[in-house]
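With the working numbering applied, the sequence shown covers 1464 to 1666. Working notes, structure below.
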Amino acid sequence: MSAPLSAVASELGTSKAAARIRAAAIEVFAAKGYGATTTREIAASLDLSPGAVYPHYKTKESLLFAVSLEGHDAALAAVTQADRPTDSPTERLAATVTAYVRWHAHNHAVARVVQHELRSLSREHFTVIVDIRRATSRVFMRIVEAGEAAGEFRTIDVEAVTLAITSLGVDVSRWFPSNAYSDPDVLAARYVELALRMVGATT
């Protein structure tokens, strides 16, 4: 069972210096990968001494966790804020897919790190992040289930289509921007069309 988020929030670091270190870590992790990066390189990118990271983050893994926690929380917040339960399931799916794709496009560097470096987290930290990822997936699953119940969607498999929609959104961080798509809004509109087709939207 994972620790509550309140119990690990202190690991984020609330100072401006900690925020600068996280921002620098995102850039270096995204460019080189977590495994090939050292805390010395992160500090050097900020013109800091090699030991400047340690007062804020005791290990490189704790820094990755802070970045992952902050990024996953932000992605979940983007989706939950976009979802309006009083709207129709079709409108809700369009709004949440748009928010999810836009977030991964606008924040592609941090998204690339938090989505693709999970294997580098400790077991305890991994469990915390997985809980947030599941909460994000549940937002989409509830919308798809509501669409099924309302007769707006005709899906083959609710869990499979939820996984497909979230996976497409996550994958944006791997390649965005590209020659074909460099506008997050245009990309989000295309992904909404794909998502509605996947759920068999009738409207």
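Glycine included, C-beta positions come from ideal geometry on N, C-alpha and C. As the structure is a computational prediction, the values presented were derived from the model and not from experiment.
Integer Cβ distance of residue i from residue j, believed to fall under 8 Å
i: Thr1559; j: Val1542; result: 5 Å
i: Gly1632; j: His1567; result: 6 Å
i: Thr1502; j: Val1516; result: 5 Å
i: Val1564; j: Val1635; result: 6 Å
i: Thr1629; j: Val1607; result: Not really, about 11 Å apart at Cβ, beyond 8 Å.
i: Asp1509; j: Arg1483; result: Contrary to the premise, residue 1509 reads as Leu rather than Asp in this sequence. Yes, they are in contact, since the Cβ atoms of Leu1509 and Arg1483 sit about 6 Å apart, within 8 Å.
Residue i in three-state terms, based on DSSP
i: Phe1603; result: helix
i: Arg1653; result: helix
i: Glu1622; result: helix
i: Pro1467; result: Interpretation of Pro1467 is limited by its pLDDT of 47, a score under 50 that renders its predicted location unreliable; the figure taken from the coordinates is listed afterwards. Here Pro1467 sits in coil by DSSP.
i: Tyr1644; result: coil
i: His1519; result: coil
i: Val1577; result: helix
i: Asp1634; result: helix
i: Thr1666; result: coil
i: Arg1617; result: coil
i: Leu1475; result: coil
i: Ser1512; result: coil
i: Ser1583; result: helix
Residue i, buried or exposed, once every other Cβ within 10 Å from all chains shown has been counted against 16
i: Leu1657; result: exposed
i: Leu1540; result: Before going further, note that residue 1540 is Ala rather than Leu in the sequence given. With fewer than 16 Cβ atoms within 10 Å of its Cβ, Ala1540 is classed as exposed.
i: Pro1647; result: buried
i: Gly1514; result: exposed
i: Ser1478; result: exposed
i: Glu1710; result: There is simply no residue 1710 to check, as the chain begins at 1464 and stops at 1666 in what is shown.
i: Pro1518; result: exposed
i: Leu1650; result: buried
i: Arg1485; result: buried
i: Gly1610; result: buried
i: Ile1595; result: buried
i: Ala1623; result: exposed
i: Gly1498; result: exposed
i: Ala1643; result: exposed
N- and C-terminal bounds of the alpha helix (DSSP H) containing residue i
i: His1535; result: 1523 to 1545
i: Val1564; result: 1552 to 1569
i: Thr1502; result: 1502 to 1508
i: Ala1499; result: Taken as a continuous stretch (DSSP letters only), Ala1499 belongs to no alpha helix (DSSP H), as it is neither H nor E.
Sub-8 Å separation of residue i and residue j beta-carbons
i: Leu1511; j: Tyr1520; result: no
i: Ala1574; j: Val1530; result: no
i: Ala1562; j: Ala1537; result: no
i: Ala1664; j: Thr1553; result: yes
i: Val1655; j: Ala1494; result: no
i: Phe1492; j: Leu1584; result: no
Proximity test, residue i beta-carbon vs the ligand HEM heavy atom, cut-off 7 Å
i: Val1573; result: The ligand HEM is absent from the structure shown, which contains no ligands of any kind.
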